Structure formats: C-alpha cells, structure tokens
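S.K.:
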Amino acid sequence: QVQLVESGGGLAQPGGSLRLSCAASGSFRSINTMGWYRQAPGKQRELVATITSRGRTNYADSLKGRFTISRDNAKDTVYLQMNHLEPGDTAVYYCRWTHGPFNEYDYWGRGIQVTVSS
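Take the numbering used here: the last position of the sequence shown gets the number 126, and nothing is skipped along the way.
1) G119 and V100 - do their beta-carbons sit closer together than 7 angstroms?
2) Go ahead and pull the three-state DSSP assignment for D114.
3) Can you give me the C-alpha to C-alpha distance between K51 and T98, rounded to a whole angstrom?
4) Using the Cβ count rule (16 or more neighbours within 10 Å means buried), how would you classify D84?
5) With burial defined as no fewer than 16 other Cβ atoms inside 10 Å of the residue's Cβ, what is the status of R46: buried or exposed?
6) Output the distance between the C-alpha atoms of L88 and G108, rounded to the nearest integer angstrom.
7) Around the C-beta of R104, are 16 or more other C-beta atoms found within 10 angstroms, so that it is buried, or is it exposed?
8) From the DSSP output, which residues share a beta bridge with D80?
9) Identify every residue that forms a DSSP beta bridge with A99.
10) Once DSSP output is grouped into helix, strand and coil, what is the label at L93?
11) With the cut-off set at 7 angstroms, would you say G96 and L12 are in Cβ contact?
12) Have a look at L93 and D114 and give me their C-alpha separation to the nearest angstrom.
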C-alpha cells in the first residue's frame, strides 16, 4: 500500500506561482513513477507531468516551460513548481504513484485545489 499526501495548493493570482508537494509513505518499490494530474470542473482528468525514480520526466505539451516536476527520492516526495499561472490552470491536482510496465501498482492522492484568480 502507498499513501500519498498532497500539499501546497491554494489561491494564486494570474502570473503568480505555486509549488505542490506530494509525500509518499507505506511499503513500496523504490523503482516507480510519480506524477501530477489535474481535473478542472466539467473536464476529464489530464496529465500534467510525471517523473521516474531515475529522473526521467514527461510533460503535457501545453504546460512545458511553465511547470517543472522534480522529486527527492530520499524523502519519497515529488514536487510541481507552477509558474506564470493562468486561470485555466484552476483545477484539482492529483498525485499519482505507479510501478510496473502496465502500472499494475497504481495509487492516487486525494487531490488538492489550485485556484488561479484575481
């Protein structure tokens, strides 16, 4: 079992920044992928970015350059630095942990609200 706890969300102004954190705990494999997804009201959940335990990253094309994912393997924590925020970034952001070629082990956090508004 893997427990994921997100933090760092809240309200930001357009053009501002926020940094999300997701800490993993429990019993799990050291080789894994962690990532962030988001879901805006009335829309499907979508990929934001992922990062493997070896540091390989993958981003949604539309977010490259504004968002940066990183991780601290010693702390089992993944981060999402969000810059130049736009109202369209408003969503619930979810942390995800996966392991296996077909994501046989797949855990999600509860989600954290990010609101971008003036």
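Glycine included, each C-beta is placed from N, C-alpha and C at the ideal position. Remember, predicted model here, so these are calculated numbers, not experimental data.
M.R.: This is what the structure gives:
1) Taking the first residue of the sequence shown as position 1, residue 100 is located at position 92. Taking the first residue of the sequence shown as position 1, residue 119 is located at position 111. Yes, these two residues count as a Cβ contact at 7 angstroms.
2) By 1-based counting over the sequence shown, the position of residue 114 is 106. In this structure, D114 counts as strand in the three-state DSSP scheme.
3) As a position in the sequence shown, residue 51 is number 43, starting the count at 1. As a position in the sequence shown, residue 98 is number 90, starting the count at 1. Taking the straight line joining both Cα atoms gives about 11 angstroms.
4) Residue numbering aside, residue 84 sits at position 76 when the sequence shown is read from its first letter. Buried, since its Cβ has 16 or more Cβ neighbours within 10 Å.
5) Translated into the one-based positions of the sequence shown, residue 46 becomes position 38. Around the Cβ of R46, a 10 Å sphere holds 16 or more other Cβ atoms; the residue is buried.
6) The residue labelled residue 88 in the question sits at position 80 within the sequence shown. The residue labelled residue 108 in the question sits at position 100 within the sequence shown. Here the C-alpha atom of L88 lies approximately 23 angstroms from the C-alpha atom of G108.
7) For the purposes of this step, residue 104 is taken as the residue at position 96 of the sequence shown. R104 comes out buried.
8) One-based indexing of the sequence shown puts residue 80 at position 72. Its beta-bridge partners are T85.
9) Counting from one through the sequence shown, the residue named residue 99 turns up at place 91. Paired residue(s): V122.
10) For the purposes of this step, residue 93 is taken as the residue at position 85 of the sequence shown. Reduced to three states, the DSSP call for L93 is coil.
11) Indexing the sequence shown from 1 puts residue 96 at position 88. Indexing the sequence shown from 1 puts residue 12 at position 4. Cβ distance not < 7 angstroms, so G96 and L12 don't count as in contact.
12) Position 85 of the sequence shown holds residue 93. Position 106 of the sequence shown holds residue 114. Each residue's alpha carbon lies about 29 angstroms from the other.
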